[in-house]
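> Numbering (my numbering), first residue to last: 7 to 359. Built from N, CA and C at the ideal position, the CB exists for glycine as well. Because the structure is a prediction, the values reported are computed rather than measured.
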Amino acid sequence: MAPAGEDPPAAARKRECVTIHARNAALWCALYAVVHLGWAVTGTAVPWTATAPYPPAALLLLAALAVLAAGACLASPGKLPGQAAVGATLAVTIAVFAVGMISLPLHLVTLLSGAGVESPTGLVQVLLTSVAAGLLTLVATGSLRRLRGRCPRCGLAHRGATGGRTHPPASTATPRAQVAVYLLMCGLIPWSAVKTVWTLGGSALGVTAEEWAAINAEAPAAAHALAAVGVDITVLAALFGVFLLAGLMYRWGMVFPRWTLWLSGVRVPRLLPLIPAWMIAVALSLYGVALTVYAPASVLGVVPAIEPITGFTATGSVWMIEFGGLAFAGLGLGLLVAARSYARRTRPLCVIR
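Here it is in structure tokens:
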């Protein structure tokens, strides 16, 4: 029954919106479970780390978790215990899948560098996990809004909404969000600086340009071509992330600017920048924070000492890992802040009578 003050068709449209998200997430989780079950039964190698595959038991556990998540998406709890069970299932599944997204940036950098796909099953597994995490987050967001008495479509507390929605005008992120993003972006400076020094023929962290070239002798041709003009492939990949981040913060990320020619003045589809931003941001943040903490922890003896990277001294290896962690964490967390601002500024609003 529709709430007081809200017409039945409007309430039905809200339920339909939530049902579509839940159905899509449940279907994707079912696909996820079938694929992982097939890998476990056939003994297919799915990389977990660079040197170890997922054990069959882990694949079966992930498949079972996906089945539980699919059931939670389709459940319609009426009492508090049911709501708590659905919420707990979604929370655990989203957390597990978010951790499984960590290697996504590494796959993207490998593809951008022209090195091809190192592991087809690894890439498929990461993509399945990333999409599942995103779809389940949509379901969890809608459920949380309903529990708080808010509209599951726009997130605001209102009644009497019509079927239409309006898009807010183009705007820029708040000064507070911009300052936070700029500070986080500073984490890219050490990593980009040492990579640029090497590609320009200098020495950094006890490694000369010649030694760095020898270390990367087996890199793809595209990486060598960029290095010849002083551009490191990972720095270029970071610049793509910075471009995405800038679009999330400024007006041209909401309405195509003049330099996009025939698209000039057209509203940017909201999910076009948000989907890659959320996927990359979560993976980069987790990976970057882990590296940033691990490097000093290894020096203090809290965790095992870092094995020297080929061509580096022990000290140089620690600094290289720390610089990488700062770069990944800075870009990832910056994308999270910018994406959150963009999501709020572009959220469609229900048309109120």
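#1: How should VAL343 be labelled, buried or exposed, when 16 other C-beta atoms within 10 angstroms of its C-beta is the threshold for buried?
#2: Since TYR348 is in the alpha helix (DSSP H), which residue starts that stretch and which ends it?
#3: Who are the Cβ neighbours of LEU269 in its own chain at under 8 Å, not counting the five residues just before and after it?
#4: Let me know if THR321 comes out buried or exposed under the rule of 16 or more other beta-carbons within 10 Å of its beta-carbon.
#5: Would you identify the three-state DSSP class for PRO181, choosing helix, strand or coil?
#6: For the alpha helix (DSSP H) that contains PRO282, what are its first and last residues?
#7: Below 7 Å between beta carbons: does that hold for LEU254 and TYR188?
#8: Can you tell me where the alpha helix (DSSP H) with ALA311 in it begins and where it stops?
#9: With distances taken from CA atoms, which of VAL92, GLY317, ASN30 and LEU67 is nearest ALA220?
#10: In the DSSP output, which residue or residues are listed as bridge partners for LEU211?
#11: Just to confirm before moving on: does the CB-CB distance between MET191 and GLY340 stay below 7 Å?
#12: Considering Cα atoms alone, identify which of LEU133, GLY148 and VAL41 is closest to LEU80.
#13: Cβ of VAL47 within 7 Å of Cβ of TYR60?
#14: State yes or no: is the C-beta of VAL324 within less than 7 Å of the C-beta of ALA303?
#15: Hey, out of CYS157, THR135, PRO181 and HIS42, whose CA is closest to SER109's CA?
#16: From the DSSP output, read off the bridge partner residues of VAL261.
#17: Would you call the CB atoms of ALA65 and ALA78 closer than 7 Å?
#18: Quick check on LEU206: does DSSP put it in helix, strand or coil?
Put simply:
#1: buried
#2: 320-352
#3: PHE262
#4: exposed
#5: helix
#6: 277-305
#7: no
#8: Run containing ALA311: none; DSSP gives neither H nor E here.
#9: GLY317
#10: Answer is none; LEU211 lacks a bridge partner.
#11: yes
#12: GLY148
#13: no
#14: no
#15: THR135
#16: DSSP output for VAL261 lists ARG273 as bridge partner(s).
#17: Reading off the sequence shown, one finds Leu at residue 65, where the question assumed Ala. Their beta carbons are not under 7 Å apart, which means LEU65 does not touch ALA78 by this criterion.
#18: coil
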